[in-house]
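> Quick one: structure below, then a few questions.
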């Protein structure tokens with residue numbers, strides 16, 4: 460399905476997708492399509508919902524309060540991604556938004572803000588984080604929008620941690636080892652990773668984390684990385700050893 464009025468717009472919509480389905484777009488997505496992208500009747504775009512694949516679609520109606528789009532044919536079947544979970548401490552100047560955006564591009568499927576002893580930021584706007592994840596997924600070709608969980612204290616996370624899951628602990632005090640070798644031994648397992656705040660983890664928190672049974676304690680080298688940089692590095696390592704970065 461291509462024409463002179465086709466666009467590169469991809470849009471996530473939380474609705475059922477099938478041939479001739481009518482999607483009613485309102486609110487922020489309506490503003491984006493009507494006022495930013497200036498779509499017109501018969502313009503083409505792609506719609507995905509994280510379940511039914513990605514669909515070639517056509518604009519039927521453009522109104523001040525809504526836009527109606529018809530799903531025409533399936534462009535790509537739904538992809539099942541390996542689940543990878545990022546636990547991160549909220550950062551100053553909303554730099555955690557950057558973590559959400561870049562790690563969504565790298566295929567991280569779930570994010571949970573974790574409040575630690577040295578967390579300078581203790582509240583996050585969950586809706587803004589979800590919007591950031593949605594926009595990143597739309598732009599990078601991902602066929603799901605990552606889940607953004609409510610913030611939780613670190614001790615709660617550790618107390619309810621399942622022994623069936625592996626946690627990658629990014630610890631600046633860890634002895635340097637080859638990260639690819641360390642992460643490769645966790646292949647095919649349920650894996651998550653934890654990124655600390657600007658001030659790092661307290662000694663008490665580090666002791667509690669190190670008591671976990673299925674733990675990979677990972678050094679990121681001799682350089683001191685900002686938390687948002689560290690998150691990108693670890694996600695890249697994980698997608699290289701355990702994910703779909705090159706598939």
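Numbering (my numbering), first residue to last: 460 to 706. For every residue, glycine included, the Cβ atom is placed at its ideal position computed from N, Cα and C.
What residue does the beta strand (DSSP E) around residue 534 start on, and which one ends it?
526-535
> Please state whether DSSP places residue 619 in a helix, a strand or coil.
coil
> Output the distance between the C-alpha atoms of residue 589 and residue 509, rounded to the nearest integer angstrom.
14 Å
> May I ask which residues mark the beginning and end of the beta strand (DSSP E) holding residue 665?
For residue 665, there is no enclosing beta strand (DSSP E); the enclosing alpha helix (DSSP H) covers residues 662-669.
> Hey, quick one: how far does the beta strand (DSSP E) through residue 653 stretch, first residue to last?
650-654
> According to DSSP, is residue 695 helix, strand or coil?
helix
> Looking only at its chain, what residues have a beta carbon closer than 6 Å to the beta carbon of residue 469, apart from the 5 residues adjacent to it on each side?
505, 597
> Could you tell me the alpha carbon to alpha carbon distance between residue 560 and residue 689, rounded to whole angstroms?
Computed Cα separation, rounded: 14 Å.
> Which partner residues of residue 513 appear in the DSSP bridge assignment?
507, 535
> Tell me the rounded alpha-carbon separation between residue 623 and residue 518.
47 Å
> Please determine, among 564, 554, 568, the residue with the shortest C-alpha to C-alpha distance to residue 584.
The shortest C-alpha separation from residue 584 is found at 554.
> What number of angstroms, rounded off, separates the C-alpha of residue 696 from the C-alpha of residue 537?
25 Å
> Which ranges does the alpha helix (DSSP H) cover as unbroken runs of at least 4 residues, wholly within the region 565-642, from first to last along the chain?
Counting only runs of 4 or more, we get 585-599, 613-618.
> How close, in whole Å, do the beta carbons of residue 545 and residue 577 come, if the pair is a contact with beta carbons under 8 Å?
About 18 Å separates the two Cβ atoms, so there is no contact after all.
> Just to confirm, is the Cβ distance from residue 549 to residue 580 under 9 Å?
yes
> In angstroms, rounded to a whole number, what distance separates the CA positions of residue 494 and residue 652?
39 Å
> Could you compute how far the alpha carbon of residue 664 sits from the alpha carbon of residue 633?
14 Å
> Within its chain, find whatever has a CB closer than 7 Å to the CB of residue 657; leave out the 5 residues flanking it on each side and keep chain order.
Only 550, 551, 579, 686 meet the Cβ criterion.
> Within 10 Å of its beta-carbon, does residue 479 have 16 or more other beta-carbons around it, so buried, or fewer, so exposed?
exposed
> Any heavy atom of the ligand FMN closer than 8 Å to the beta-carbon of residue 487?
For the ligand FMN, the structure offers nothing, since it holds no ligand at all.
> Spatial neighbours of residue 680 within its chain, please: C-beta separation below 8 Å, excluding the five flanking residues on both sides.
635
> Are the CB atoms of residue 524 and residue 516 nearer to each other than 9 Å?
no
> Which residues mark the beginning and the end of the alpha helix (DSSP H) in which residue 486 is found?
486-490
> Of the residues 486, 497, 612, 682, which one's Cα is nearest the Cα of residue 572?
When each option's Cα is compared against that of residue 572, the closest is 612.
> By the 10 Å Cβ neighbour count, where 16 or more other Cβ atoms means buried, how is residue 467 classified, buried or exposed?
exposed
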